[in-house]
């Protein structure tokens, strides 16, 4: 038995070529993220072309990273059919792999443009959450990345979800946790948090980006265990017990973990990675503060070490406050050398 879908995955067709909702939603997420970055970039006199080029380079890098990450954990399914590695349209990408790919691309791009890495990724952090928040609705349309089996009454009476979401969560003869929705709402709260946090004077360069990892990873750790499609591996039983123990509060709230085949292992890779990222981000914030590496504050002017880039910035009255004798960010005073990174 298959419950009728509330939404057709194909939005429209151009001749025999179908245009899927998934692709449109991913594109919308990228566009919203771009607009958020451009808007914040104006405060620092960074041109919109800089962020547009970053998007054009970052999206393909993220897709490649997401695919490599997924294939690495599912290698047994691909080792005898190497051509299937390239068939990304059949599904199989991972958000953490996308982040790795995008960050590697950003490191080279920022260096080429002469901008400090931590300053620009701070600006982009809310954009990443916006893309993830919107992109999860593509999973909803495709009926993927869902959670374990639950009663219909849980969706209607406890979560009070509209019919189009409840109907779409009826998969293979049962209703499932709308984990896409949980993660989407968590990302929305994260955007609000980061936008408030970055207006606080105590925040240092890099701490918005690291806070993004902390916030997203906390949500991902708890939501991941609800899913039925987790990537995993065989690890130490002590680590598996630790992860299960940390997830216990969800059981107190009435949640149960989604099915996880023993063939994949005893540890969900995204849960373990989430914990490692939280610890690493907290340690990095502390170390950068203690060692003095985080001298700059988020609201300080951003300066490019490349004259060609510095000359292309757009003056804006909303630039973070500097004294009245200072010129726009990126423009050296008379008699002074170009600022060095």
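Numbering (this note's numbering), first residue to last: 471 to 811.
Backbone N, C-alpha and C fix where the C-beta goes; we use that ideal spot for every residue, glycine too.
All values derive from a computational prediction rather than experimental measurement.
Excluding the 5 residues preceding and the 5 following residue i in the sequence, name in chain order all residues of the same chain whose CB lies nearer than 7 Å to its CB.
i           : result
residue 626 : 636
residue 500 : 525, 529 and 601
residue 726 : 618
residue 678 : 592, 595, 664, 667, 668 and 768
residue 620 : 645, 646 and 647
residue 719 : none
residue 788 : Confidence is the limiting factor: at residue 788 the pLDDT is only 47, short of 50, which leaves the residue's position unreliable, though a coordinate-based value still follows. So the qualifying residues of the chain are 512 and 513.
residue 583 : 520, 774, 776 and 779
residue 654 : 603, 606 and 607
residue 641 : 613 and 616
With residue i and residue j assumed to form a contact (beta carbons below 8 Å), what rounded beta-carbon distance in angstroms separates them?
i           : j           : result
residue 536 : residue 571 : 7 Å
residue 766 : residue 675 : 4 Å
residue 744 : residue 691 : 4 Å
residue 477 : residue 638 : 6 Å
residue 693 : residue 748 : Wrong, their Cβ atoms sit about 14 Å apart, outside the cutoff.
residue 616 : residue 648 : 7 Å
residue 686 : residue 660 : 6 Å
residue 562 : residue 491 : With a Cβ gap of about 19 Å, residue 562 and residue 491 do not count as contacting.
residue 701 : residue 548 : The pair is not a contact, with the Cβ atoms about 13 Å apart (cut-off 8 Å).
Return helix, strand or coil for residue i, following the three-state DSSP convention.
i           : result
residue 582 : helix
residue 536 : helix
residue 749 : helix
residue 619 : strand
residue 516 : coil
residue 562 : coil
residue 804 : For residue 804, the predicted model reports a pLDDT of 45, less than 50, meaning its position is unreliable; a value from the coordinates is still stated below. Residue 804 falls in the coil class under three-state DSSP.
residue 702 : strand
residue 644 : strand
residue 767 : strand
residue 626 : helix
residue 421 : The requested residue 421 is not part of the displayed model; the chain covers only 471 to 811.
residue 737 : strand
Flag residue i as yes if its beta-carbon sits less than 8 Å from any beta-carbon of chain C, otherwise no.
i           : result
residue 706 : The displayed structure is made up of one protein chain only, and chain C is not part of it.
Going by DSSP, name the residue or residues bridged to residue i.
i           : result
residue 483 : 488
residue 674 : 767
residue 509 : Looking at the DSSP assignment, residue 509 forms no beta bridge with any residue, so it has no partner.
If you drop the 5 nearest sequence neighbours on each side, which residues of the same chain put their C-beta closer than 6 Å to that of residue i?
i           : result
residue 546 : none
residue 597 : 503, 506 and 507
residue 697 : 617, 649 and 728
Count the other CB atoms within 10 Å of the CB of residue i; is the residue buried (16 or more) or exposed (fewer)?
i           : result
residue 510 : buried
residue 565 : buried
residue 567 : buried
residue 551 : exposed
residue 810 : The predicted position of residue 810 is uncertain, since its pLDDT is 43 and thus under 50; no value can be drawn from it.
residue 707 : exposed
residue 623 : exposed
residue 713 : buried
residue 588 : buried
residue 542 : exposed
residue 730 : buried
residue 722 : exposed
residue 657 : buried
Given residue i, which residues of its chain have a CB within under 8 Å of its CB, disregarding the five upstream and five downstream residues?
i           : result
residue 534 : 571
residue 605 : 495, 496 and 499
residue 544 : 562 and 701
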